[in-house]
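Chemist: The structure's right below; bear with me while I get my questions together.
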Amino acid sequence: MDAIERDLLLKIADLHGVPEGAYNIRENGQAAGRNSTANIEIVSKTDGKSGIDIFIKPGTKNESVHIPVILSKAGWQEMVYNDFYIGEDADVVIVAGCGIHNCGGMDLTSRHDGIHTFYVGKNARVKYVEKHYGEGDGNGENVMNPTTVAHLAEGAYMEMETTQIKGIDSTNRVTKADLKEGANLVIREKIYTHGKQRADTDFTVDMNGAGCSADVISRSVAAGESRQHFVSTMNGNAPCHGHTECDAIIMEGASVTAAPCLSANDIDAELIHEAAIGKIAGEQLVKLMTLGLTEKEAEEQIIKGFLH
Amino acid sequence: MLELKNITYRVPDDRGEKTILSDINLSLDERFVAFTGPNGGGKSTLAKVIAGILRPTEGRIFLDGQDITELSVTDRARLGISYAFQQPVRFKGLTVRDLISLAAGKNAGVSDVCAYLSEVGLCARDYIDREVNASLSGGELKRIEIATILARGTKLSVFDEPEAGIDLWSFGNLINVFEKMYKKTQGNILIISHQERILNIADRIVVISNGAVEKSGTKEEILPGLLGGDTCRVLTEKL
Chain A
6 MDAIERDLLL
16 KIADLHGVPE
26 GAYNIRENGQ
36 AAGRNSTANI
46 EIVSKTDGKS
56 GIDIFIKPGT
66 KNESVHIPVI
76 LSKAGWQEMV
86 YNDFYIGEDA
96 DVVIVAGCGI
106 HNCGGMDLTS
116 RHDGIHTFYV
126 GKNARVKYVE
136 KHYGEGDGNG
146 ENVMNPTTVA
156 HLAEGAYMEM
166 ETTQIKGIDS
176 TNRVTKADLK
186 EGANLVIREK
196 IYTHGKQRAD
206 TDFTVDMNGA
216 GCSADVISRS
226 VAAGESRQHF
236 VSTMNGNAPC
246 HGHTECDAII
256 MEGASVTAAP
266 CLSANDIDAE
276 LIHEAAIGKI
286 AGEQLVKLMT
296 LGLTEKEAEE
306 QIIKGFLH
Chain F
3 MLELKNITYR
13 VPDDRGEKTI
23 LSDINLSLDE
33 RFVAFTGPNG
43 GGKSTLAKVI
53 AGILRPTEGR
63 IFLDGQDITE
73 LSVTDRARLG
83 ISYAFQQPVR
93 FKGLTVRDLI
103 SLAAGKNAGV
113 SDVCAYLSEV
123 GLCARDYIDR
133 EVNASLSGGE
143 LKRIEIATIL
153 ARGTKLSVFD
163 EPEAGIDLWS
173 FGNLINVFEK
183 MYKKTQGNIL
193 IISHQERILN
203 IADRIVVISN
213 GAVEKSGTKE
223 EILPGLLGGD
233 TCRVLTEKL
C-alpha cells in the first residue's frame with residue numbers, strides 16, 4: 006500500500022493501517038487484505054459476482070468489521086456486491102467506505118457502484134458507518150453510486166451513518182429498508198457538495214411490523230453550482246412511528262430539492278416529515294463576528310458545526 | 003472610554019424616513035453604565051450601533067480616542083467590544099463548548115469552559131456538549147450568551163436586556179453574575195436594563211427616550227425620578 010492509498014484509508018475508515026478484528030480491504034478490484042475471526046467470517050462470492058459475504062454468528066458482541074474500498078487507479082470502474090448476515094442478538098459495528106484518488110488528467114471517470122445488503126437477525130444491533138471521499142487533479146470524474154438494502158427482523162436495530170464531504174462529482178445513493186415487528190432504523194446522512202457536483206439520495210422505508218420505527222435525518226450543505234435532490238419515502242403499513250427530516254444550507258448558486266412522500270396505510274401509523282432549506286441565517290454570522298471571527302470564518306464554523 | 007458624537011440613525015419607512023436615534027452625544031468612562039428608558043426608545047439600536055451591527059446615518063464613534071465608525075463588527079470585536087444579544091442566536095450543530103471556545107479566542111480547555119458556565123449558574127457537565135439549538139430554553143440561552151461575553155473578557159461588554167426572558171428565580175442569580183463581573187473584571191460594562199436592581203449597581207444611568215438622551219447621571223440623581231414617575235408614567239400612557 007502506498008502513501009496515497011494509506012491516506013485514502015485514513016480518510017474513509019480512520020485507519021492508520023491494517024485494522025483489528027475482521028476486515029477486507031479492496032484495492033482497485035483486488036483483495037489487498039482479509040481477516041476473518043472466530044465469530045465473523047468473510048468469504049468471496051462464488052456466484053460469479055464481484056464482492057464478499059460477511060457472516061456474523063448469533064450472539065457476537067462488541068466486534069467490528071472494516072471493509073474499506075480504495076480506487077487509486079485513474080479510470081477504474083467497478084460494481085461490487087457485499088452481503089451481510091448478522092445473526093440474532095449480535096451487536097456489531099460495520100465500517101465501510103470508499104476513497105477514490107483520480108489523477109487521470111485525461112477526463113477519465115473513476116466509478117464505484119456498490120450494493121450492500123443487510124440481513125439483520127432478531128434483536129440484533131448493528132451500527133453501519135459509511136464514508137465517501139474523492140480527490141484528484143480535478144480533470145477526472147469521481148462517481149459513486151452506493152445502494153444499501155436492509156432487512157430488519159423482529160426487534161432488530163440498525164443505525165446507519167453516511168458521510169460524503171466534497172470530492173465526489175456525482176452520486177446516486179439509494180437506500181431501501183423493510184422493518185418487521187419492533188424493529189428500529191436510524192439513518193443519519195451528511196452531504197457537502199460544491200463546484201458542479203450532483204448528489205441524489207433516495208430513501209424508501211417500509212414499516213411492516215407493529216411497533217417498528219424509523220428516523221431518517223439528512224443534513225446537507227450545497228455550495229457553488231452544485232445540485233442535491235433528496236427523496237424520502239416512508240410507508241407505514243402497521244402501527245409504527247416514522248420521522249424524516251431534511252435540513253439543508255444552500256450557498257452561492259446551489260440548489261436543493263427535498264421531496265418527502267409519506268404513506269400511512271394503517272390507522273395507527275404516525276408519520277412526520279420536516280424540511281428546512283435556506284441560506285445561513287444572517288444573525289448567526291453576526292453573532293460569530295461579534296466574537297471576532299471574519300464573515301468567512303463564521304461561515305466555516307457554522308457549516309462545520311452543522312455537518313458535525 | 004467610549005464617545006458617541008452626534009449619532010443619528012434613520013430608516014426608510016412608508017412616509018419617507020423615520021428617525022430612530024437623534025443626535026446622541028455621550029462620553030462614557032464609568033465602569034458600569036446602564037441605559038434605560040421606555041421600550042421603542044432606541045436603546046437597542048444604540049447598542050447595535052456601538053457594536054457595529056448597525057451603521058449610524060450620521061455621527062462618529064470613538065473607542066479610547068480611535069474613530070471606529072467605519073470598522074466592521076469583526077474589527078470592533080477584535081478591538082475589544084463584546085455584545086450580548088437580547089435574543090440569543092441558535093445554531094444547529096454548534097455546541098456550547100464550541101461557542102465558548104470561539105469566544106475565548108483559543109481552543110479553550112474543558113476546565114475553562116466549565117468555569118465560564120459555572121459563573122452563569124449552569125452545571126457544566128450538563129451543558130458543555132449540548133447543541134446551542136431549539137432544545138435549550140430561553141433562560142439557558144441567555145446564560146450561555148452571557149458566558150460567551152465572560153469568556154471574551156474585553157474592555158467593553160455591551161449587554162442588551164440580559165434579564166429579558168429570564169424567570170424570577172434565575173434573576174437573582176443574574177444580578178450576582180453582574181455584581182461579580184463588576185468586581186472581578188477590569189473592563190467596562192454597558193447594560194440595557196429596566197430592572198431596578200441592575201440600575202442600582204450602575205455608576206451611571208442614561209435614560210434614552212424617543213431616540214434621544216433624556217437625562218444622564220448617577221443613580222442617586224436618576225433613580226428617584228425614574229421610580230417616582232417618569233418611566234412608570236410613560237408605561238401607563240402606553241397601556
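Protein chains in written order, with this note's numbering: chain A, 6 to 313; chain F, 3 to 241.
Glycine included, each C-beta is placed from N, C-alpha and C at the ideal position.
What are the partner residues of residue 12/F, as DSSP defines its beta bridges?
Modeler: 21/F
Chemist: Under 7 Å between beta-carbons, which chain F residues line up against residue 93/A? List them in chain order, please.
Modeler: Residues of chain F passing the Cβ test: none, with the nearest at roughly 34 Å.
Chemist: Any C-beta of chain A sitting closer than 8 Å to the C-beta of residue 107/F?
Modeler: yes
Chemist: Alpha carbons only, please: which of 232/A, 91/A, 49/A and 122/A is nearest the one belonging to residue 67/A?
Modeler: 91/A
Chemist: How many Å lie between residue 205/A and residue 174/F at the Cα?
Modeler: Pairing residue 205/A with residue 174/F, the inter-Cα distance amounts to about 53 Å.
Chemist: Identify the contact partners of residue 155/F in chain A, using a Cβ-Cβ distance below 7 Å as the criterion.
Modeler: Ordered by position in chain A, no residue passes the 7 Å Cβ test against residue 155/F, which lies about 12 Å from the chain.
Chemist: Assuming residue 212/A and residue 241/A form a contact by the criterion Cβ under 8 Å, report the distance between their Cβ atoms to the nearest whole angstrom.
Modeler: 5 Å
Chemist: Can you tell me which of the three DSSP states residue 125/F falls into?
Modeler: coil
Chemist: Kindly indicate which residue of 86/F, 14/F and 70/F has the alpha-carbon position closest to the one of residue 154/F.
Modeler: Scanning 86/F, 14/F and 70/F for the CA closest to the CA of residue 154/F turns up 86/F.
Chemist: To which residues of the same chain is residue 129/F closer than 8 Å at the C-beta, ignoring the five residues directly before and after it?
Modeler: 98, 119, 142 and 146
Chemist: Of the residues that make up the segment 33-66 of chain F, which ones have a beta carbon closer than 9 Å to any beta carbon in chain A?
Modeler: So the list reads 53, 54 and 55, given in the order they occur along the chain.
Chemist: Roughly how many whole angstroms lie between the Cα atoms of residue 157/A and residue 207/A?
Modeler: 19 Å
Chemist: Check residue 216/A in the structure and name its three-state DSSP category.
Modeler: coil
Chemist: At least one CB of chain A closer than 8 Å to the CB of residue 189/F: is that the case?
Modeler: no
Chemist: Compute the Euclidean distance between the alpha carbons of residue 278/A and residue 265/A, then round it to the nearest angstrom.
Modeler: Per the coordinates, the alpha-carbon of residue 278/A lies some 7 Å from the alpha-carbon of residue 265/A.
Chemist: Could you name the residues of the same chain whose beta carbon sits closer than 7 Å to that of residue 270/A, not counting the 5 residues immediately before and after it, in chain order?
Modeler: 240, 241 and 242
Chemist: So which residues on chain A does residue 85/F lean against when the C-beta distance must stay under 8 Å?
Modeler: 295
Chemist: Tell me the rounded alpha-carbon separation between residue 236/F and residue 41/F.
Modeler: Because residue 236/F sits at a pLDDT of 47, beneath the cut-off of 50, its placement in the model cannot be relied upon, and the following sentence gives the value as read from the coordinates. In a straight line, the C-alpha of residue 236/F is about 10 Å away from that of residue 41/F.
Chemist: Considering only their Cβ atoms, is the gap separating residue 117/A from residue 149/A smaller than 8 Å?
Modeler: yes
Chemist: Ends of the alpha helix (DSSP H) at residue 2/F?
Modeler: Nothing in the structure corresponds to residue 2/F, since chain F is present only between 3 and 241.
Chemist: Please report whether the beta-carbon of residue 252/A lies at a distance below 8 Å from any beta-carbon of chain F.
Modeler: yes
Chemist: Hey, residue 225/A and residue 182/A are a contact pair by Cβ (cut 8 Å); roughly how many whole angstroms apart?
Modeler: Contact doesn't hold; Cβ gap of about 20 Å is too wide.
Chemist: From the DSSP output, in three-state form, read off residue 185/A for me.
Modeler: coil
Chemist: Beta carbon of residue 68/F, beta carbon of residue 163/F: below 8 Å?
Modeler: no
Chemist: Quick one: any contact between the segment 188-199 of chain F and the segment 27-39 of chain F, if contact means 3 or more CB pairs under 8 Å?
Modeler: Inter-segment contact for the segment 188-199 of chain F and the segment 27-39 of chain F is present: three or more beta-carbon pairs are separated by less than 8 Å.
Chemist: Three Cβ pairs or more, each shorter than 8 Å: is that satisfied between the segment 44-53 of chain F and the segment 9-27 of chain F?
Modeler: yes
Chemist: Let me know the alpha helix (DSSP H) ranges lying completely inside the segment 32-87 of chain A, each 4 residues or longer, listed in chain order.
Modeler: Qualifying alpha helix (DSSP H) stretches: none in this window.
Chemist: Identify whether residue 225/F lies in helix, strand or coil by the three-state DSSP scheme.
Modeler: helix
Chemist: Check this for me: beta carbons of residue 228/A and residue 262/A, under 8 Å apart or not?
Modeler: For residue 228/A and residue 262/A, no; Cβs fall outside 8 Å.
Chemist: Among the residues of its own chain, which have a CB less than 8 Å from the CB of residue 165/F, if the five just before and after it don't count?
Modeler: 173, 176, 195, 196, 197 and 200
Chemist: May I ask you to list, following chain order, the residues of the segment 65-80 of chain F that have a beta carbon less than 7 Å from some beta carbon of chain A?
Modeler: 75, 76, 79 and 80
Chemist: Taking 8 Å as the cut-off, does the segment 114-131 of chain A touch the segment 72-86 of chain A (at least 3 CB pairs, one atom from each stretch)?
Modeler: yes
Chemist: Would you tell me roughly how many angstroms separate the C-alpha atoms of residue 306/F and residue 160/F, rounded to the nearest one?
Modeler: The structure shown does not extend to residue 306/F, since chain F spans only 3 to 241, so no value can be given for it.
Chemist: By DSSP, does residue 6/F sit in helix, in strand, or in coil?
Modeler: Collapsing the DSSP output to three states places residue 6/F in a strand.
Chemist: Let me see if you follow: with CB-CB separation under 8 Å, is residue 10/F close to chain A or not?
Modeler: no
Chemist: List, from N- to C-terminal side, the alpha helix (DSSP H) runs of 4 residues or more that fit wholly inside the segment 17-103 of chain F.
Modeler: 45-53 and 75-81
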